[in-house]
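In UniProt numbering, the protein residues as written are 1 to 499.
All C-beta atoms, glycine included, are put in the ideal place defined by N, C-alpha and C.
All of these numbers come straight from a predicted model, not from anything done at the bench.
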């Protein structure tokens with residue numbers, strides 16, 4: 001059943017006045033998802049980056065690479081712990097904020113949410129094994145513990161993306177007499193739009209994680225730390241970010257290719273198509289949509305039709321084809337979309353410049369302060385682009401929470417006082433977690449720079465229990481120091497420690 005049929009079956013539903021819980025629900029969801037999705041990016045991409053660095057350390061007997069992998073594992077644990085809190089909050093919010101949605105479509109969405117929870121716990125288990133396994137497991141087996149982390153991170157994120165894709169392209173159920181029947185939960189997980197939406201987000205995750213990690217080492221190099229530790233720490237995540245930045249335009253194009261048929265009002269808002277043109281629609285940059293008309297915009301002929309429809313003659317459907325109550329917030333959707341595209345193109349141009357100069361002219365831009373300055377803010381730029389993309393997707397779908405089937409006003413509850421209180425508490429919670437993450441990570445970085453080769457942990461080799469073992473504990477500490485990449489141990493010692 002396509003969206004048009006579902007819309008026809010739901011056409012007898014008359015939109016009522018906005019419920020009292022609508023505004024606080026929207027604010028709470030924007031805060032929670034906007035904050036959590038950054039951590040989700042690291043959950044998806046960081047394990048693969050750690051795996052490559054750890055593999056390099058083993059194959060090349062490289063203590064610097066092993067030390068970076070070990071440190072990144074600890075950073076990943078901090079981010080995972082904070083993400084566990086925000087993810088737990090989100091798991092309760094869907095039913096609390098959107099009772100109309102979950103009460104009606106809970107049977108449809110239950111399976112992907114269940115799989116997401118299972119993937120989360122499996123990822124936590126293998127992350128713990130990886131952190132504890134340094135110097136205690138055969139090095140190849142220890143390395144393999146990263147793979148389940150990477151797989152479960154991808155599976156959990158895919159399940160969440162499948163739910164969001166279903167909200168944009170609903171399938172797997174029928175509506176008979178106002179009741180949801182013939183539910184097919186697997187259809188939510190395996191619809192074509194879910195695969196395309198995940199591909200786009202998966203690449204965005206590697207851009208966020210890759211550029212953010214590289215930015216840390218770019219800042220270090222700007223401060224004069226030009227050692228191999230910083231160069232290697234920059235290059236591996238930057239390579240991941242490069243591949244993602246190169247592939248992202250293609251994934252985005254395929255995802256948006258059928259938007260004219262699936263969500264034409266969203267496409268019209270993205271492209272600022274106020275009227276359906278007689279021929280190809282120009283690309284509109286900037287401007288403002290006022291009283292049904294786009295003003296003060298820059299237009300590039302044909303480009304909107306070419307990018308959206310692969311056509312030099314077919315027009316993008318204009319906003320004049322839709323009732324005003326079915327239009328999304330046009331200006332907000334348009335500028336969010338253009339922010340995502342603009343930053344994405346900037347990052348793409350940056351990586352192309354770097355690799356072209358390195359391969360053709362043998363010029364290393366890591367010695368160029370202006371390049372390092374751009375890289376120092378590349379992580380922030382990638383986060384802004386990713387957030388803008390999500391805003392464009394979610395705002396562009398409005399006024400529907402399930403496109404063509406259920407309006408957002410129908411999904412919200414009637415209570416606002418409690419939800420505003422929850423929102424206020426969430427602001428404090430997320431603010432505290434943000435501050436805590438900054439303090440902890442900066443403290444870890446300072447101690448590493450001062451030569452703290454292994455940070456204390458309850459059951460680590462430097463704990464009182466390990467110290468009680470006498471010489472064995474001292475030997476373990478030495479092995480750990482060599483693996484950190486800052487000690488003076490030889491490659492043979494590193495191999496023995498890993499073994």
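On the criterion of 16 or more Cβ atoms from any shown chain inside 10 Å, does residue i qualify as buried, or is it exposed?
{"i": "residue 391", "result": "buried"}
{"i": "residue 266", "result": "buried"}
{"i": "residue 87", "result": "buried"}
{"i": "residue 104", "result": "buried"}
{"i": "residue 370", "result": "exposed"}
{"i": "residue 157", "result": "buried"}
{"i": "residue 435", "result": "exposed"}
{"i": "residue 210", "result": "buried"}
{"i": "residue 336", "result": "buried"}
{"i": "residue 18", "result": "exposed"}
{"i": "residue 274", "result": "buried"}
{"i": "residue 98", "result": "buried"}
{"i": "residue 443", "result": "exposed"}
{"i": "residue 467", "result": "The predicted model places residue 467 with a pLDDT of 36, which falls under 50 and marks its position as unreliable; any figure quoted below should be read in that light. Under this definition residue 467 is an exposed residue."}
{"i": "residue 35", "result": "buried"}
{"i": "residue 32", "result": "buried"}
With a Cβ-Cβ cutoff of 8 Å, do residue i and residue j count as a contact?
{"i": "residue 66", "j": "residue 234", "result": "no"}
{"i": "residue 401", "j": "residue 411", "result": "yes"}
{"i": "residue 171", "j": "residue 150", "result": "no"}
{"i": "residue 241", "j": "residue 351", "result": "yes"}
{"i": "residue 263", "j": "residue 407", "result": "no"}
{"i": "residue 283", "j": "residue 307", "result": "yes"}
{"i": "residue 383", "j": "residue 208", "result": "yes"}
{"i": "residue 441", "j": "residue 75", "result": "yes"}
{"i": "residue 424", "j": "residue 21", "result": "no"}
{"i": "residue 139", "j": "residue 426", "result": "no"}
{"i": "residue 399", "j": "residue 326", "result": "yes"}
{"i": "residue 49", "j": "residue 317", "result": "no"}
Can you give me the C-alpha to C-alpha distance between residue i and residue j, rounded to a whole angstrom?
{"i": "residue 311", "j": "residue 304", "result": "9 Å"}
{"i": "residue 93", "j": "residue 333", "result": "24 Å"}
{"i": "residue 478", "j": "residue 135", "result": "Interpretation of residue 478 is limited by its pLDDT of 37, a score under 50 that renders its predicted location unreliable; no figure is taken from the coordinates."}
{"i": "residue 148", "j": "residue 126", "result": "7 Å"}
{"i": "residue 395", "j": "residue 141", "result": "46 Å"}
{"i": "residue 51", "j": "residue 216", "result": "19 Å"}
{"i": "residue 248", "j": "residue 206", "result": "10 Å"}
{"i": "residue 61", "j": "residue 40", "result": "32 Å"}
{"i": "residue 416", "j": "residue 299", "result": "43 Å"}
{"i": "residue 183", "j": "residue 403", "result": "17 Å"}
{"i": "residue 438", "j": "residue 71", "result": "16 Å"}
{"i": "residue 524", "j": "residue 338", "result": "A query on residue 524 cannot be resolved here, the shown segment of the chain reaching from 1 to 499 and no further."}
{"i": "residue 302", "j": "residue 270", "result": "15 Å"}
{"i": "residue 475", "j": "residue 380", "result": "Because residue 475 carries a pLDDT of 37, less than 50, the predicted location of this residue cannot be relied on, and the following value inherits that uncertainty. In a straight line, the C-alpha of residue 475 is about 42 Å away from that of residue 380."}
{"i": "residue 212", "j": "residue 362", "result": "25 Å"}
{"i": "residue 314", "j": "residue 359", "result": "41 Å"}
{"i": "residue 458", "j": "residue 132", "result": "Any reading at residue 458 must be qualified, since the residue scores a pLDDT of 38, below 50, and its modelled position is unreliable; no value is offered."}
{"i": "residue 286", "j": "residue 280", "result": "19 Å"}
{"i": "residue 319", "j": "residue 330", "result": "9 Å"}
{"i": "residue 185", "j": "residue 389", "result": "27 Å"}
{"i": "residue 190", "j": "residue 179", "result": "23 Å"}
Beta-carbon within less than 6 Å of residue i's beta-carbon, same chain only, minus the 5 sequence neighbours each way: which residues are those?
{"i": "residue 385", "result": "340, 343, 344"}
{"i": "residue 161", "result": "197, 198, 201"}
{"i": "residue 165", "result": "193, 194, 197"}
{"i": "residue 107", "result": "183"}
{"i": "residue 155", "result": "119"}
In the DSSP assignment, the beta strand (DSSP E) including residue i goes from what residue to what residue?
{"i": "residue 117", "result": "From DSSP, residue 117 is part of no beta strand (DSSP E) but of the alpha helix (DSSP H) over 99 to 132."}
{"i": "residue 287", "result": "283 to 290"}
Tell me which residue opens and which closes the alpha helix (DSSP H) that residue i is part of.
{"i": "residue 350", "result": "330 to 360"}
{"i": "residue 236", "result": "228 to 256"}
{"i": "residue 140", "result": "139 to 144"}
{"i": "residue 541", "result": "In this structure the chain extends from 1 to 499, so residue 541 is not present and cannot be described."}
{"i": "residue 299", "result": "Element bounds for residue 299: not the alpha helix (DSSP H) but the beta strand (DSSP E), 293 to 300."}
{"i": "residue 383", "result": "378 to 397"}
{"i": "residue 306", "result": "303 to 309"}
{"i": "residue 179", "result": "Segment 179 to 181 is the beta strand (DSSP E) holding residue 179; no alpha helix (DSSP H) there."}
{"i": "residue 188", "result": "185 to 189"}
With a CB to CB cut of under 7 Å and the five nearest residues on each side skipped, what residues in its chain are close to residue i?
{"i": "residue 153", "result": "43, 44, 47, 123"}
{"i": "residue 251", "result": "199, 200, 203"}
{"i": "residue 73", "result": "50, 130, 131"}
Beta-carbon within less than 8 Å of residue i's beta-carbon, same chain only, minus the 5 sequence neighbours each way: which residues are those?
{"i": "residue 228", "result": "64"}
{"i": "residue 143", "result": "51, 54, 55, 58"}
{"i": "residue 230", "result": "217, 220, 221"}
{"i": "residue 79", "result": "39, 42, 43, 46, 437"}
{"i": "residue 101", "result": "94, 401, 402, 406, 411"}
{"i": "residue 85", "result": "429, 433"}
{"i": "residue 322", "result": "264, 265, 268"}
{"i": "residue 260", "result": "267, 308, 309, 316, 317"}
Could one say the Cβ of residue i lies closer than 8 Å to chain C's Cβ atoms, at least one of them?
{"i": "residue 324", "result": "Of the protein chains in this structure there is only one, and it is not chain C."}
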